[in-house]
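Asks:
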Amino acid sequence: MTRALVLGGGGITGIAWEWGVLAGLASAGVDLRAADVVVGTSAGSVVGAQVANGLDPRVRYEAQLVPPDGEIAATFGAGIMARFALAMVGSQAPQRVRQRIGRLARRASTGATEAERIAVIESRLPVKEWPSAPRLLITAVDTETGAFRVFDRDAGVPLVTAVAASCAVPGVWPPVTIEGRRYMDGGVRSGSNADLAGGCSRVVVLAPLPRSFGPVPGVSAQVEELRRDAAVTLVTPDAAATKAFGRNVLDPAARAGAARAGLAQASSVVDAVREVWG
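Position in the sequence shown (from 1) plus 5 gives the number in the working numbering.
(1) Enumerated in chain order, which unbroken segments of the alpha helix (DSSP H) with a length of 4 residues or greater are wholly contained in the stretch 224-272?
(2) When you compare only the Cα positions, how much space is there between P73 and A79?
(3) On the criterion of 16 or more Cβ atoms from any shown chain inside 10 Å, does T150 qualify as buried, or is it exposed?
(4) Taking only runs of the alpha helix (DSSP H) that begin and end inside the stretch 87-139, which ones reach a length of at least 4 residues, in chain order?
(5) Starting from the C-beta of V11, find all residues in its chain whose C-beta is less than 6 Å away, skip the five residues before and the five after it, and write them out in chain order.
(6) CA-CA distance, G59 and L130?
(7) Does the count of Cβ pairs from the stretch 216-236 and the stretch 50-64 closer than 8 Å reach three?
(8) Excluding sequence positions up to five away, which residues of its chain have a Cβ less than 6 Å from the Cβ of G262?
(9) With C172 and R8 assumed to form a contact (beta carbons below 8 Å), what rounded beta-carbon distance in angstroms separates them?
(10) Under the rule that 16 or more other beta-carbon atoms within 10 Å means buried, what is V195, buried or exposed?
(11) Under the three-state reduction of DSSP, which class applies to V52: helix, strand or coil?
(12) Looking at the structure shown, is V155 part of a helix, part of a strand, or coil, going by DSSP?
(13) For V208, does the count of other Cβ atoms within 10 angstroms reach 16, so buried, or fall short, so exposed?
(14) Checking the sheet assignment: what are the DSSP bridge partners for A9?
(15) Taking the beta carbon of M86 as the centre, do at least 16 other beta carbons fall within 10 Å, making it buried, or is it exposed?
(16) Could you tell me the alpha carbon to alpha carbon distance between E134 and L164, rounded to whole angstroms?
(17) Specify whether the stretch 257-273 and the stretch 21-39 touch according to this definition: at least 3 beta carbon pairs, one from each stretch, less than 8 Å apart.
(18) For the alpha helix (DSSP H) containing R65, name the first residue and the last one.
(19) Can you confirm whether the stretch 241-260 touches the stretch 211-223 when touching is taken to mean that 3 or more C-beta pairs between the two stretches lie within less than 8 Å?
(20) T144 and T46: beta carbons closer than 8 Å?
(21) In the structure shown, what three-state DSSP assignment does T80 receive?
(22) With V162 and F153 assumed to form a contact (beta carbons below 8 Å), what rounded beta-carbon distance in angstroms separates them?
(23) Could you give the distance in angstroms between the alpha-carbon of P276 and the alpha-carbon of V35?
(24) Would you grab the beta carbon distance between D41 and R140 for me? Rounded to a whole angstrom, and I think it's under 8 Å.
(25) V274 and A236 look like a contact to me (Cβ under 8 Å); what is the Cβ gap, rounded to whole Å?
(26) On the CB-based measure, 16 or more other CB atoms within 10 Å of its CB, does R65 come out buried or exposed?
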């Protein structure tokens with residue numbers, strides 16, 4: 006039996022919600038740190054790096070409740086949304102679309118330098134080394150070619166750098182340079198990249214933003230594919246969590262509410278998760 010935990014993207018509120026769900030499940034006796042494989046995309050890469058390193062979800066949940074001190078909310082402004090819409094014009098081949106989004110990412114003026122953004126990510130990771138086990142997979146996309154890249158401990162890339170690349174939301178944060186290539190958010194390829202759990206027999210997916218856009222597949226399609234060969238539970242935000250997220254998933258002021266909503270939601274999904282997790 007091989008178990009995988011998939012953690013999808015969803016901004017600051019997604020991080021908080023995932024910790025809330027994980028903390029609630031842990032308190033109910035379901036510890037997802039026992040995974041053999043952890044897949045982290047964007048916000049999920051921040052959480053996944055800590056889960057894979059054995060940090061207690063209940064401690065990390067409490068950290069989400071600390072009021073934001075001077076943190077500035079990033080936003081998807083009208084200009085960014087317009088450029089995303091333009092990136093959808095033309096060939097709908099997924100890699101071609103990712104190339105166009107990558108061009109947007111490289112040309113955008115952002116509120117932080119690459120070094121400053123990496124420092125922010127580093128501050129959010131209490132443990133900064135790749136775990137020996139479970140196998141941790143961090144996703145990103147090459148901004149020039151649109152190629153999908155999966156980093157693990159054998160890639161020779163620092164964990165902080167891999168996570169920063171996975172969290173580099175195009176148009177909002179600068180791409181991250183790795184081995185001379187510039188990488189952006191792994192969510193550009195898929196919000197959860199749940200298909201990386203293929204081959205595992207039991208899979209739990211936490212997907213803060215389950216819907217698709219353009220040629221980017223939603224998590225449901227990937228989960229249905231996994232279910233051909235595995236027992237899979239998909240957890241997405243309930244109505245209360247969606248309300249707590251608000252309209253801007255990058256707003257630190259919504260962090261605590263999203264975490265509490267995740268903790269509350271855990272009680273309604275624990276039986277389904279336990280049945281799959283074993």
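Here a beta-carbon is modelled for each residue, glycine too, at the ideal position from N, C-alpha and C.
Replies: Working from what's here:
(1) 224-231, 244-250
(2) Position 68 of the sequence shown, counted from the start, is the residue given in the question as residue 73. Position 74 of the sequence shown, counted from the start, is the residue given in the question as residue 79. About 13 Å.
(3) By one-based count along the sequence shown, residue 150 stands at place 145. T150 is exposed by the Cβ-count criterion.
(4) 99-112, 119-128
(5) What you label residue 11 is simply residue 6 of the sequence shown in a count that begins at 1. Cβ neighbours of V11 beyond the five flanking positions: V44, S197, A199, A202, V210.
(6) For the purposes of this step, residue 59 is identified with residue 54 of the sequence shown, where counting begins at 1. For the purposes of this step, residue 130 is identified with residue 125 of the sequence shown, where counting begins at 1. If you take the alpha carbons of G59 and L130, they lie about 12 Å apart.
(7) no
(8) Working through the sequence shown from its first residue, we reach residue 262 at position 257. A249.
(9) If you number the sequence shown from 1, residue 172 lands on position 167. If you number the sequence shown from 1, residue 8 lands on position 3. The pair is not a contact, with the Cβ atoms about 25 Å apart (cut-off 8 Å).
(10) The count along the sequence shown starts at 1 and reaches residue 195 at position 190. Residue identity check: residue 195 is Ser in the sequence provided, not Val. Buried, since its Cβ has 16 or more Cβ neighbours within 10 Å.
(11) As a working mapping, residue 52 is identified with position 47 in the sequence shown. Correct three-state label for V52: helix.
(12) Translated into positions along the sequence shown, residue 155 becomes position 150. Note: V155 maps to strand in three-state DSSP.
(13) Indexing the sequence shown from 1 puts residue 208 at position 203. It is buried - the Cβ of V208 has at least 16 other Cβ atoms within 10 Å.
(14) As a first step, residue 9 must be located in the sequence shown, where it is residue number 4. Bridge partners of A9: V42, V208.
(15) The residue labelled residue 86 in the question sits at position 81 within the sequence shown. Exposed: under 16 other Cβ atoms inside 10 Å.
(16) The sequence position of residue 134 within the sequence shown is 129, counting from 1. The sequence position of residue 164 within the sequence shown is 159, counting from 1. Using only the alpha carbons, I get a separation of about 6 Å.
(17) yes
(18) The residue labelled residue 65 in the question sits at position 60 within the sequence shown. First-last of the alpha helix (DSSP H) with R65: 62-69.
(19) yes
(20) Here residue 144 refers to the residue found at position 139 of the sequence shown. Here residue 46 refers to the residue found at position 41 of the sequence shown. Result yes, Cβ atoms of T144 and T46 sit closer than 8 Å.
(21) Working through the sequence shown from its first residue, we reach residue 80 at position 75. If DSSP states are grouped into helix, strand and coil, T80 belongs with coil.
(22) Counting from one through the sequence shown, the residue named residue 162 turns up at place 157. Counting from one through the sequence shown, the residue named residue 153 turns up at place 148. With 8 Å as the limit, V162 and F153 do not qualify as a contact, their Cβ atoms being about 15 Å apart.
(23) Taking the sequence shown and counting its residues from 1, the one referred to as residue 276 is at position 271. Taking the sequence shown and counting its residues from 1, the one referred to as residue 35 is at position 30. One detail in the question is off: residue 276 reads as Asp in this sequence, not Pro. The alpha-carbon atoms of D276 and V35 are separated by roughly 9 Å.
(24) Along the sequence shown, read from residue 1 onward, the residue named residue 41 stands at position 36. Along the sequence shown, read from residue 1 onward, the residue named residue 140 stands at position 135. Right, their Cβ atoms sit about 7 Å apart.
(25) Here residue 274 is taken as the residue at index 269 of the sequence shown, counted from 1. Here residue 236 is taken as the residue at index 231 of the sequence shown, counted from 1. With a Cβ gap of about 15 Å, V274 and A236 do not count as contacting.
(26) Numbered from 1 along the sequence shown, position 60 holds the residue referred to as residue 65. Result: buried.
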